[in-house]
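These notes concern the structure reproduced below.
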Amino acid sequence: MGSSRKRWTAAPLAIAVLMITAACGGEGANGEVTLRFSYWGTDVRQQRTEEAIKRFEAKNPAINVVGEFSGFGTYYETLAEKVAAGDAPDVITLEIRGLREYAERGTLADLSSEVSTSDLDAKVLAAGAMDGKQFAVPTGVNAWSLVADPKAIEGAGQKLPRDTAWTWDDYINLAARITAGTGGKVYGTQQAFNPAFLQIFAAQRGESFYNGNKIGMSPETIKAWWAVHRRLIKAKGSPEVAKSVELGTQGVDRSLFATGTGAMGMWWSNELSAISKASGGKEVELLRMPKVEGAAAGGMFLQPAMFYSASAKSASQAEAAKFIDFLINDPEAGAIILSDRGLPANSRVLAAVRDKLPEIDKKTLAFLDEIKGELTDSPAAPPKGASAMEDILTRYTDEVLFGRMRPDNAARKFITEANALIAG
0 MGSSRKRWTA APLAIAVLMI TAACGGEGAN GEVTLRFSYW GTDVRQQRTE
50 EAIKRFEAKN PAINVVGEFS GFGTYYETLA EKVAAGDAPD VITLEIRGLR
100 EYAERGTLAD LSSEVSTSDL DAKVLAAGAM DGKQFAVPTG VNAWSLVADP
150 KAIEGAGQKL PRDTAWTWDD YINLAARITA GTGGKVYGTQ QAFNPAFLQI
200 FAAQRGESFY NGNKIGMSPE TIKAWWAVHR RLIKAKGSPE VAKSVELGTQ
250 GVDRSLFATG TGAMGMWWSN ELSAISKASG GKEVELLRMP KVEGAAAGGM
300 FLQPAMFYSA SAKSASQAEA AKFIDFLIND PEAGAIILSD RGLPANSRVL
350 AAVRDKLPEI DKKTLAFLDE IKGELTDSPA APPKGASAME DILTRYTDEV
400 LFGRMRPDNA ARKFITEANA LIAG
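Letter 231 of the sequence shown, counting from 1, is numbered 230 in numbering that gives the first Met the number 0, and no numbers are missing.
Structure, rendered in structure tokens:
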């Protein structure tokens with residue numbers, strides 16, 4: 000997961016999951032079972048996953064696993080087509096925003112008694128549960144955080160903020176001073192438009208992104224969030240509108256960090272390694288998100304990086320559950336996958352691989368340990384239709400930033416359109 004505007008269309012998914020899957024994997028003539036496992040990611044993830052699959056097969060000679068791998072951009076469209084064709088994989092990787100879409104239409108199996116979850120944080124585990132059924136098991140956890148380059152900040156004559164007490168005003172002012180202090184060569188921050196940012200911002204104002212099948216945020220909160228973006232641009236703490244919007248569609252490899260022209264930004268904590276690599280190995284730090292003045296809570300939360308789920312119509316549900324159990328609970332799998340799917344959700348596996356983690360991931364783990372007591376509960380799976388929420392939010396954000404709509408009007412229209420989408 001990241002701050003880039005990852006677009007995946009809800010329509011094919013909504014149509015596809017109406018057609019419940021037929022049998023997936025099955026037993027061969029020699030008694031062996033073949034499972035199909037769908038997932039997305041980078042070449043590194045594919046290599047690690049294939050290695051984990053080989054280890055599982057070595058421990059379970061009667062089960063073969065075929066990985067169905069793709070880039071993120073095409074993953075959900077391809078998955079929806081497979082489901083529609085009655086050809087769903089036996090084991091399916093999902094994000095939280097698409098979980099309810101699949102689960103409530105009967106596509107996913109209940110893993111409650113099939114996969115051991117005793118070593119998983121109960122609050123994080125609950126994010127994959129609905130109506131008393133565990134439709135998905137979290138692979139690992141991360142948190143939407145602020146990332147800072149200390150040397151870039153110091154090079155602008157500024158100090159790393161005291162993140163336990165800073166406000167949005169402090170953030171905007173610091174970003175502006177960084178840009179000014181470098182003569183515009185380094186921007187104070189890169190803008191972020193991810194709904195997770197708005198979710199945290201709303202929580203600081205005592206509101207929730209969703210309230211059942213409705214938007215739980217007031218127009219005033221959405222307008223205040225847009226005001227942060229507009230003030231950053233006006234103060235030149237971030238690039239101008241067109242450049243900021245363009246950066247919002249790109250990954251960390253094309254971020255301001257990657258070009259050495261940005262000192263701060265917001266990403267998921269499990270992206271810290273990729274950010275450091277993109278910036279040429281620079282030391283980067285995770286910071287708490289700034290707060291609304293007088294906020295009772297910071298609003299940050301742990302979110303499953305992704306989930307493993309099983310097809311309800313798989314001909315090999317027991318074997319699918321066994322494979323998921325291996326990926327989640329076996330330290331040997333953990334030692335291969337490490338933090339690629341977020342820091343391991345299983346506390347026993349995390350303890351076993353802690354010393355094997357790269358230094359940058361140890362830094363992420365230390366940060367999450369530090370803020371653990373400040374976090375709000377992990378969010379529940381959002382309503383059906385929420386898979387398109389990022390696109391809708393992006394569209395209205397663009398309208399406001401480019402001055403094509405007044406914030407008042409845009410906030411009301413966003414809430415109306417979003418509510419119609421998720422009404423159920």
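Note that CB positions come from ideal geometry on N, CA and C, so glycine has one too.
Identified DSSP bridge partners for residue i
i	result
Phe-306	Leu-93, Pro-137
Ile-62	Val-32
Leu-145	Met-265, Leu-286
Thr-166	Lys-290
Pro-343	Gly-139
Asn-210	Lys-213
Ala-128	Gln-133
Leu-107	Ser-310
Leu-119	Asn-345
Thr-375	Phe-300
Phe-256	Answer by DSSP bridge pairing: none, since Phe-256 is not bridged.
Ser-69	Trp-39
Tyr-186	Gly-261
Candidates the options, of which the one nearest residue i by Cα
i	options	result
Phe-300	Arg-35, Ser-377, Ser-243	Ser-377
Lys-222	Ala-417, Leu-420, Arg-405	Arg-405
Ala-108	Phe-134, Gly-183, Ala-126	Phe-134
Tyr-307	His-228, Glu-358, Lys-321, Gly-70	Lys-321
Lys-383	Asp-324, Glu-103, Gln-157	Glu-103
Asn-193	Ala-174, Lys-233, Thr-393, Glu-245	Thr-393
Thr-116	Phe-401, Ile-199, Asp-329, Arg-204	Asp-329
Gly-182	Thr-375, Phe-208, Ala-151	Ala-151
Leu-34	Asp-89, Val-227, Ala-334, Ala-51	Asp-89
Ala-309	Gln-198, Val-32, Leu-110	Leu-110
Gly-118	Ala-51, Met-263, Ile-327, Phe-200	Reading off the sequence, residue 118 comes out as Asp, not Gly. Per the Cα distances, Ile-327.
Ala-201	Met-216, Asn-212, Gly-211, Gly-333	Met-216
Thr-363	Val-283, His-228, Gln-316, Ala-332	Val-283
Thr-415	Glu-49, Met-388, Ala-295	Met-388
Lys-242	Ala-295, Asn-63, Gly-333, Phe-401	Phe-401
Arg-294	Trp-224, Gly-333, Ala-164	Per the sequence presented here, residue 294 reads as Ala, with Arg not at that position. Ala-294 has its Cα closest to that of Ala-164, out of Trp-224, Gly-333, Ala-164.
For residue j and residue i, believed in contact at Cβ under 8 Å, the rounded distance
i	j	result
Ala-147	Arg-176	Not confirmed; about 14 Å, so no contact.
Ile-297	Met-305	With the sequence shown as reference, residue 297 is identified as Gly, and Ile is not the correct amino acid for it. That belief does not hold up - the Cβ atoms of Gly-297 and Met-305 are roughly 24 Å apart, past 8 Å.
Ser-272	Ile-359	5 Å
Gly-30	Leu-342	Going by Cβ atoms, the distance from Gly-30 to Leu-342 rounds to 38 Å, so no, they are not a contact pair.
Ser-237	Tyr-186	6 Å
Leu-231	Thr-188	7 Å
Per-residue burial, residue i [other beta carbons within 10 Å of its own, 16 or more giving buried]
i	result
Thr-161	Residue identity differs from the one stated: residue 161 is Arg in this sequence, not Thr. Burial call: exposed.
Glu-369	exposed
Asn-141	buried
Arg-425	Nothing in the structure corresponds to residue 425, since the chain is present only between 0 and 423.
Asn-408	exposed
Ala-57	exposed
Gly-205	exposed
Glu-239	exposed
Glu-373	exposed
Ser-346	exposed
Val-432	Residue 432 is absent from the model: the chain starts at 0 and stops at 423.
Ala-385	buried
Asn-269	buried
Val-43	exposed
Ala-195	buried
Asp-354	exposed
Gly-510	Nothing in the structure corresponds to residue 510, since the chain is present only between 0 and 423.
Gln-203	buried
Ser-37	buried
Glu-318	buried
Ala-79	buried
Pro-303	buried
Ser-315	buried
Ala-51	buried
Gly-280	exposed
Cβ neighbours of residue i in the same chain (closer than 7 Å, five flanking residues each side left out)
i	result
Ala-380	Ile-95, Leu-98, Arg-99, Ala-126, Met-129
Ala-21	The pLDDT assigned to Ala-21 is 39, lower than 50, so where the model puts this residue is not dependable, and the model offers no usable value.
Thr-77	Ser-69
Gln-157	Leu-173, Arg-176, Ile-177, Gly-180
Lys-122	Asp-376, Ser-377
Asn-418	Lys-213, Ile-214
Leu-93	Tyr-101, Ala-135, Met-305, Phe-306, Ser-308
Cβ neighbours of residue i in the same chain (closer than 6 Å, five flanking residues each side left out)
i	result
Leu-286	Leu-145, Ala-147, Asp-162
Thr-166	Pro-289, Lys-290, Glu-292
Val-114	Val-136, Ala-320, Ile-323, Asp-324
Lys-81	Ala-87
Lys-412	none
Ala-410	Pro-218, Ile-221, Lys-222
Cβ shell of residue i (< 8 Å), same chain only, five flanking positions each side left out
i	result
Arg-47	Ile-335, Ile-336, Leu-337, Asp-339
Thr-260	Lys-184, Val-185, Tyr-186
Trp-266	Gly-1, Ser-2, Trp-143, Ser-144, Val-146, Ala-191, Val-251, Ile-274
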